[in-house]
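*Asks:* Following this message is one structure expressed as structure tokens.
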Amino acid sequence: MIVTVQQHIAHQQDSIYPGASGTFSWLLSGITLATKMIQARIRSAGLLDVAGAAGATNVQGEVQQKLDVYANEALLHCLGVRDTVAILVSEENEEPVAFDRAPETGKYIVIFDPLDGSSNIDVNVSVGTIFSIFLRPEKASSVRHAAALQKGAQQVAAGYVVYGSSTMFVYTAGRGVFGFTLDPNIGAFVLSHDKMRMPDQGQYYSVNEANAPNFPAPYQSYLGQLRDGSLGRTYSSRYIGSLVADFHRTLLKGGVFLYPPTKSHSSGKLRLLYEANPLAFLAEQAGGLATDGSRRILDIQPEGIHQRTPLVIGSRVEMEAFDRVMRSESH
Ligand code: P6P
């Protein structure tokens with residue numbers, strides 16, 4: 452029996468906004484439409500003149516790939532025309548985009564990374580779109596940022612689309628994690644992974660080993676434990692360098708992904724609002740955990756929409772071992 456993501460969301464939305472008149476599923480359809488458009492472009496990246504850098508640089512100072520620009524425009528447009536959206540925050544936009552909508556109409560804030568890992572596209576490595584959804588705070592905030600600067604624990608939904616060997620939409624609305632695979636023949640995301648659970652312990656750890664000499668000492672000790680069998684098993688190292696792909700594997704197979712503080716990124720490289728928070732929500736909903744090395748990611752009060760954070764995220768066994776090391780070595 453085919454269950455599309457629209458049908459699934461319609462059932463879920465009652466848990467988010469009782470009495471919602473389809474507003475949440477209407478909102479999510481903006482994301483599924485945009486990501487279908489993005490995946491169509493990605494699949495033809497090598498053929499059309501869309502590969503390669505667009506020449507401009509974005510607010511992060513990174514050379515913008517043409518697909519980054521297209522992905523951002525697609526999401527801004529498809530979500531912007533949904534009147535349930537009050538504010539959009541994108542990795543590609545320095546400032547939030549606010550829509551002048553009454554609080555009873557514009558209920559949602561959507562925060563997204565339109566195409567994470569896009570530097571990998573030219574070498575045909577999986578990339579992804581990550582999104583995080585909040586309700587607009589009751590008290591109308593004069594400062595747009597303030598409305599978007601909510602703790603990750605306040606998310607009403609979060610998810611990603613991974614453009615890999617197949618295109619998958621993975622999301623949670625606070626009642627479990629569900630995966631949908633795009634069926635190109637019907638152009639719909641169809642339920643393929645019901646109630647996804649992260650294994651209690653995995654066989655992979657995932658970190659950029661080139662940075663390891665600069666990690667804080669407790670991280671070095673922890674990596675030592677993963678390598679010497681202290682956690683009761685041997686591990687393999689897997690690092691794709693594309694966050695959504697590395698996380699997707701961790702969600703399915705278990706284990707741990709780490710992006711610790713490094714010499715060039717003393718507060719970590721990954722972004723709290725549109726990378727760590729949505730993935731942390733998914734991880735916890737699937738039975739895993741996520742911290743910045745000392746705090747639960749979802750408890751962090753953001754100060755800026757582009758702020759960075761260290762991220763350690765994965766299965767219960769590996770994360771509890773990490774917590775023990777951090778407690779014993781971080782006086
Ligand atoms: P590094 C991609 O550029 C990205 O933002 C994430 O997708 C990925 O996890 C990380 O950076 C890789 O960073 O420093 O290991 O190349």
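Each number in our numbering comes from the position in the sequence shown (counting from 1) with 451 added on.
All C-beta atoms, glycine included, are put in the ideal place defined by N, C-alpha and C.
Since we're looking at a predicted model, the values are computed, not measured.
Classify residue 762 as helix, strand or coil using the three-state DSSP reduction.
*Replies:* Reduced to three states, the DSSP call for residue 762 is strand.
*Asks:* How far does the alpha helix (DSSP H) with residue 619 in it reach, from first residue to last?
*Replies:* Looking at the DSSP string, residue 619 is not in any alpha helix (DSSP H); the run it does join, the beta strand (DSSP E), is 618 to 623.
*Asks:* What's the call for residue 574, buried or exposed, on a 16-neighbour Cβ count within 10 Å?
*Replies:* With fewer than 16 Cβ atoms within 10 Å of its Cβ, residue 574 is classed as exposed.
*Asks:* Buried or exposed: where does residue 463 fall if 16 or more other Cβ atoms within 10 Å of its Cβ makes it buried?
*Replies:* The residue is buried, with at least 16 neighbouring Cβ atoms inside 10 Å.
*Asks:* Buried or exposed, going by whether 16 or more other CB atoms sit within 10 Å of the CB of residue 718?
*Replies:* That one is exposed.
*Asks:* Report yes if the C-beta of residue 739 is less than 6 Å from at least one heavy atom of the ligand P6P; otherwise report no.
*Replies:* Not so, every heavy atom of the ligand P6P lies at least 6 Å from the Cβ.
*Asks:* From what residue to what residue does the beta strand (DSSP E) around residue 582 run?
*Replies:* Start and end: 578 to 586.
*Asks:* Going straight from the alpha carbon of residue 476 to that of residue 460, what length do you get?
*Replies:* So the alpha carbons of these two residues sit roughly 6 Å apart.
*Asks:* With a Cβ-Cβ cutoff of 7 Å, do residue 569 and residue 519 count as a contact?
*Replies:* Going by C-beta atoms, residue 569 is nearer than 7 Å to residue 519.
*Asks:* Spatial neighbours of residue 473 within its chain, please: C-beta separation below 8 Å, excluding the five flanking residues on both sides.
*Replies:* Taken in chain order, the residues that qualify are 461 and 464.
*Asks:* Hey, which unbroken runs of the beta strand (DSSP E) at 3 residues or more fall wholly within the region 509 to 568?
*Replies:* Correct list: 514 to 516, 536 to 541 and 559 to 567.
*Asks:* Report the option in 551, 565, 682 and 558 whose CA atom is closest to the CA atom of residue 525.
*Replies:* Comparing Cα positions, the closest option is 565.
*Asks:* Does the region 755 to 766 come close enough to the region 704 to 719 to have 3 or more Cβ pairs within less than 8 Å?
*Replies:* Contact holds: three or more Cβ-Cβ distances are below 8 Å.
*Asks:* Excluding the 5 residues flanking residue 537 on each side, which residues of the same chain have their C-beta closer than 8 Å to its C-beta?
*Replies:* 549, 550, 552, 554, 557, 558, 559, 560, 587 and 598, listed in sequence order.
*Asks:* State the beta-bridge partners of residue 634 as determined by DSSP.
*Replies:* In the DSSP output, where bridge partners are listed per residue, residue 634 has 639.
*Asks:* With DSSP run on the structure shown, which of helix, strand or coil describes residue 644?
*Replies:* Strand at residue 644.
*Asks:* Taking just the CA atoms, how far does residue 741 sit from residue 489?
*Replies:* Cα to Cα, residue 489 sits roughly 28 Å from residue 741.
*Asks:* Quick one: Cα of residue 670 to Cα of residue 617, how far?
*Replies:* Whole-angstrom Cα-Cα distance: 34 Å.
*Asks:* For residue 731, which residues in the same chain have their Cβ closer than 7 Å to its Cβ, ignoring the five residues on either side in sequence?
*Replies:* Taken in chain order, the residues that qualify are 603, 741, 748, 749 and 764.
*Asks:* Rank 611, 699 and 724 by C-alpha distance to the C-alpha of residue 539 and give the top, closest one.
*Replies:* That would be 724, whose Cα lies nearest to the Cα of residue 539.
*Asks:* Per DSSP, which one or two residues make a beta bridge with residue 628?
*Replies:* Answer is 623, bridged to residue 628.
*Asks:* Can you list, in chain order, the residues of its chain whose CB lies under 6 Å from that of residue 529, leaving out five sequence neighbours each side?
*Replies:* Excluding sequence neighbours, residue 529 sits near 481, 484 and 485.
*Asks:* To the nearest angstrom, how far is the alpha carbon of residue 786 from that of residue 774?
*Replies:* Nothing can be reported for residue 786: it is not among the residues displayed for the chain, which extend from 452 to 782.
*Asks:* If contact is defined by three or more beta carbon pairs under 8 Å, each pair taking one atom from either stretch, is the region 619 to 636 in contact with the region 655 to 666?
*Replies:* Because the criterion of three Cβ pairs below 8 Å is not met, the region 655 to 666 and the region 619 to 636 do not touch.
*Asks:* Hey, is residue 640's beta-carbon within less than 7 Å of any beta-carbon in chain D?
*Replies:* Although the question refers to chain D, the structure presented lacks it and comprises just one protein chain.
*Asks:* Let me know the beta strand (DSSP E) ranges lying completely inside the region 645 to 707, each 3 residues or longer, listed in chain order.
*Replies:* You should have 655 to 657.
*Asks:* In or out: residue 770 buried (at least 16 other Cβ within 10 Å) or exposed?
*Replies:* By the 10 Å Cβ count, residue 770 comes out buried.
*Asks:* Cα separation between residue 590 and residue 535?
*Replies:* Going from the Cα of residue 590 to the Cα of residue 535 covers about 17 Å.
*Asks:* Does the distance between the C-beta of residue 665 and the nearest non-hydrogen atom of the ligand P6P fall short of 6 Å?
*Replies:* Residue 665: no, Cβ never under 6 Å from the ligand P6P.
*Asks:* Using CA coordinates, which residue listed in 527, 676 and 521 is at the minimum distance from residue 505?
*Replies:* Closest option to residue 505, Cα to Cα, is 521.
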